[in-house]
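Peer 1: Handing you a structure now.
Protein chains: 2
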Amino acid sequence: MTTANSPNGRRLTARGAKTRARIVSSAADLMFIQGVSATTLDEVLAASGASKSQLYHHFNGKEELVRAVVELVGQRVMERERDALGNVSTIRGLRRWRDALVQNNAVRHGAYGCALGSLASEVSDHDDLAREALAQLFAEWQGLLADVLRRLQDTGRLPSDASIEQLATGLMAALQGGYVLAQTARDVAPMVTSIDMALAHIESLSPR
Amino acid sequence: MTTANSPNGRRLTARGAKTRARIVSSAADLMFIQGVSATTLDEVLAASGASKSQLYHHFNGKEELVRAVVELVGQRVMERERDALGNVSTIRGLRRWRDALVQNNAVRHGAYGCALGSLASEVSDHDDLAREALAQLFAEWQGLLADVLRRLQDTGRLPSDASIEQLATGLMAALQGGYVLAQTARDVAPMVTSIDMALAHIESLSPR
DNA sequence: CGAGCAATGGACCGTATAGTCCATGCGGAT
DNA sequence: ATCCGCATGGACTATACGGTCCATTGCTCG
Numbered sequence: 094m095t096t097a098n099s100p101n102g103r104r105l106t107a108r109g110a111k112t113r114a115r116i117v118s119s120a121a122d123l124m125f126i127q128g129v130s131a132t133t134l135d136e137v138l139a140a141s142g143a144s145k146s147q148l149y150h151h152f153n154g155k156e157e158l159v160r161a162v163v164e165l166v167g168q169r170v171m172e173r174e175r176d177a178l179g180n181v182s183t184i185r186g187l188r189r190w191r192d193a194l195v196q197n198n199a200v201r202h203g204a205y206g207c208a209l210g211s212l213a214s215e216v217s218d219h220d221d222l223a224r225e226a227l228a229q230l231f232a233e234w235q236g237l238l239a240d241v242l243r244r245l246q247d248t249g250r251l252p253s254d255a256s257i258e259q260l261a262t263g264l265m266a267a268l269q270g271g272y273v274l275a276q277t278a279r280d281v282a283p284m285v286t287s288i289d290m291a292l293a294h295i296e297s298l299s300p301r
Numbered sequence: 094m095t096t097a098n099s100p101n102g103r104r105l106t107a108r109g110a111k112t113r114a115r116i117v118s119s120a121a122d123l124m125f126i127q128g129v130s131a132t133t134l135d136e137v138l139a140a141s142g143a144s145k146s147q148l149y150h151h152f153n154g155k156e157e158l159v160r161a162v163v164e165l166v167g168q169r170v171m172e173r174e175r176d177a178l179g180n181v182s183t184i185r186g187l188r189r190w191r192d193a194l195v196q197n198n199a200v201r202h203g204a205y206g207c208a209l210g211s212l213a214s215e216v217s218d219h220d221d222l223a224r225e226a227l228a229q230l231f232a233e234w235q236g237l238l239a240d241v242l243r244r245l246q247d248t249g250r251l252p253s254d255a256s257i258e259q260l261a262t263g264l265m266a267a268l269q270g271g272y273v274l275a276q277t278a279r280d281v282a283p284m285v286t287s288i289d290m291a292l293a294h295i296e297s298l299s300p301r
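The listed protein sequences correspond, in order, to chains A and B. In our numbering, each number is its position in the first sequence, counted from 1, plus 93. In our numbering, each number is its position in the second sequence, counted from 1, plus 93.
The structure is reproduced here in structure tokens:
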């Protein structure tokens, strides 16, 4: 599973790799703000300072570019979340994690939603490969949450018979649902409420 | 707040109203399946058997058509939800409501997501009017849930100090998040889990 | 029953956009 | 040093798509 997959098994020089990365990064930024279908290849080229032949040298077309964007955004989000969740082992830690996400989203009043979630709902019904990659990313993200919950369990803050995977799914859904409602209302309040409810539920399972 | 708003205050005959309705209904169906931006006006015309001049006779352009679609889908969803939730006053009733939504979504393996939620994430960042209409619809839907919770409260199945509005927000978010995860995984299981968790939380608040 | 406006058909247009092509530059391996 | 293939510039193309226009039909109201 190499990071950079050119259309065919062509070699890739350092220069080419840089250009490719610039294109994908610009595309990711534009697509986050404008949406995938509203972002044109010409805009991507203008933003990245690349030429058409450069784009088509590295990608077969827009669909493949979108897949590269999914991969990049996935890396970005997962890195952020690994940092944010890697050492969390308390409910309070989860609340701080939530605060960071909310604050991040508050600066744009909820607009654009979750970087992964928005991509997912725009792309899932059109491109099965991209959909599968996004499902995999959600699973990994949810895995990080499950790890946190398992740590809670290990320190006796969650009963040993609690279904970690289900709780992680519920927490992930609360997060994604919170993003959708915040995006529509242009107000992060529902996002806070929704994650809070999931965390309160997890907390309520605590023995004693 | 009349149902049919032509571009200007023009008169509208029964024949015209029917054509308009046919166009909006076809557009709603196509946009649910293909997404808003992937649906072309020509497709809408072909599906509804209308001509271009008919479309532009009733709408100023695609944006206004999309707004009419939001309105129609909103009516459809709200009617369905009023029927489904209007008489519910138990947790078991909420579970049946959840089952109906899940079953409905299971026949397409989660594809297309929530009729309102998908519209919301595709349109919210592009069209402020449509976004506001969708926010209003979510609020109404959430209001129906709040009504159910209030009935639970009235029959002593929820403590009187429970925050009905927050619980309704959390339930709504769990539903929307469940739709997103189900759409991405092409599997309704996360939707079941997520709503279940919200309902379990509400149930756990029950006195005794 | 006639005037006038809604309704319709459908050709037509401008442009935005994905995608193609070919000539040229550059860099690393031998 | 040289050669091959990656890398690049950018003009060019085809077409899909939103939107315009005008002639014609037919309904409704006075």
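Backbone N, C-alpha and C fix where the C-beta goes; we use that ideal spot for every residue, glycine too. Note that the coordinates shown come from a computational prediction; the quantities given were computed from them, not determined experimentally.
1) May I ask you to list, following chain order, the residues of the region 248–259 of chain A that have a beta carbon less than 8 Å from some beta carbon of chain B?
2) Along chain B, which residues have their Cβ under 8 Å away from the Cβ of Thr132 of chain A?
3) Find out if the Cβ-Cβ distance for the pair Gln276 of chain A, Ala213 of chain B is shorter than 9 Å.
4) Which residue's Cα is closest to the Cα of Arg279 of chain A: B:Ala232, B:Ile295, B:Leu251, B:Asn180?
5) Leaving out five residues on either side along the sequence, give the residues of the same chain with a beta carbon under 6 Å from the beta carbon of Ile257 of chain B.
6) My output table needs one value for Gly109 of chain B: the three-state DSSP class, helix, strand or coil.
7) Roughly how far, in whole angstroms, is the beta-carbon of Ser211 of chain A from the beta-carbon of Leu227 of chain A, given that I think they are within contact range, below 8 Å?
8) Using the beta-carbon of each residue, which ones in chain B are nearer than 7 Å to Ser119 of chain A?
9) In this structure, does DSSP put Thr286 of chain B in helix, strand or coil?
10) I'd like to know whether the C-beta atoms of Leu264 of chain A and Gln235 of chain A end up nearer to each other than 9 Å.
11) Output, in chain order, the set of chain B residues within a Cβ distance shorter than 8 Å of Tyr149 of chain A.
12) Identify which residue in B:Arg185, B:Val170, B:Glu156 has its Cα closest to the Cα of Asp220 of chain B.
13) Taking its Cβ as the centre, do 16 or more other Cβ atoms sit within 10 Å of Ser297 of chain B, making it buried, or is it exposed?
14) Assuming Leu230 of chain B is part of the alpha helix (DSSP H), what are its boundary residues?
15) For Thr132 of chain A versus Leu138 of chain A, is the C-beta distance shorter than 9 Å?
16) Pairing CB atoms from the region 190–207 of chain B with CB atoms from the region 181–188 of chain A, are three or more of them under 8 Å?
17) In chain A, which residues lie less than 8 Å from Glu215 of chain B when you measure between Cβ atoms?
18) Check for me: the alpha helix (DSSP H) holding Gly210 of chain A runs from which residue to which?
19) Would you mind working out which of A:Leu274, A:Pro283, A:Ile295, A:Glu225 sits nearest Ser253 of chain A, comparing C-alpha positions?
20) Among A:Leu105, A:Val281, A:Thr106, which one has its Cα closest to the Cα of Gln196 of chain A?
21) Give the single residue among A:Arg250, A:Asn153, A:Ser287 whose Cα lies nearest to the Cα of Leu260 of chain B.
22) Are the beta-carbon atoms of Leu268 of chain B and Met284 of chain B separated by less than 9 Å?
23) Using beta-carbon positions only, say whether Leu165 of chain B and Ser118 of chain B come within less than 9 Å of one another.
24) Answer with buried or exposed for Glu172 of chain B, where buried requires no fewer than 16 other C-beta atoms within 10 angstroms of its C-beta.
25) Tell me whether Asn153 of chain B is buried or exposed, calling it buried when 16 or more other Cβ atoms sit within 10 Å of its Cβ.
26) Which word fits Gly249 of chain A, buried or exposed, when buried means at least 16 other C-beta atoms lie within 10 angstroms of its C-beta?
27) Helix, strand or coil for Leu298 of chain A, going by three-state DSSP, please let me know.
28) What three-state label does DSSP hand Ala291 of chain B in the structure shown?
29) Go ahead and pull the three-state DSSP assignment for Phe152 of chain B.
30) Give me the Cα-Cα distance between Gly109 of chain A and Leu178 of chain A, rounded to the nearest whole angstrom.
31) Shortest alpha-carbon distance to Leu148 of chain A belongs to which of A:Thr112, A:Arg160, A:Val181, A:Ala121?
32) Any idea what DSSP makes of Ala97 of chain B, helix, strand or coil?
33) For Asn180 of chain A, which residues in the same chain have their Cβ closer than 8 Å to its Cβ, ignoring the five residues on either side in sequence?
34) Starting from Leu134 of chain B and walking both ways along the alpha helix (DSSP H), at which residues does that stretch end?
35) Taking only beta-carbon atoms, is Arg224 of chain A less than 9 Å away from chain B?
36) If I follow the unbroken alpha helix (DSSP H) through Ala263 of chain A, where does it start and stop?
Peer 2: In this structure, then:
1) Gln259
2) Those within 8 Å of Thr132 of chain A in chain B number zero; the least Cβ separation is about 11 Å.
3) yes
4) B:Ala232
5) Ala239, Leu242, Arg243
6) helix
7) Wrong, their Cβ atoms sit about 10 Å apart, outside the cutoff.
8) Ordered by position in chain B, no residue passes the 7 Å Cβ test against Ser119 of chain A, which lies about 18 Å from the chain.
9) helix
10) yes
11) The premise fails here: Tyr149 of chain A is roughly 22 Å from chain B at the closest Cβ pair, so nothing lies under 8 Å.
12) B:Glu156
13) exposed
14) 221–247
15) no
16) no
17) Gly128, Ser214, Glu215
18) 208–216
19) A:Ile295
20) A:Val281
21) A:Ser287
22) yes
23) yes
24) exposed
25) exposed
26) exposed
27) coil
28) helix
29) coil
30) 34 Å
31) A:Thr112
32) Unreliable placement is indicated for Ala97 of chain B, whose pLDDT of 37 sits below 50; the coordinate value is still reported in the next sentence. DSSP places Ala97 of chain B in coil when its eight states are reduced to three.
33) Gly186
34) 134–141
35) yes
36) Here residue 263 of chain A turns out to be Gly, not Ala, going by the sequence shown. 257–278 is the extent of the alpha helix (DSSP H) around Gly263 of chain A.
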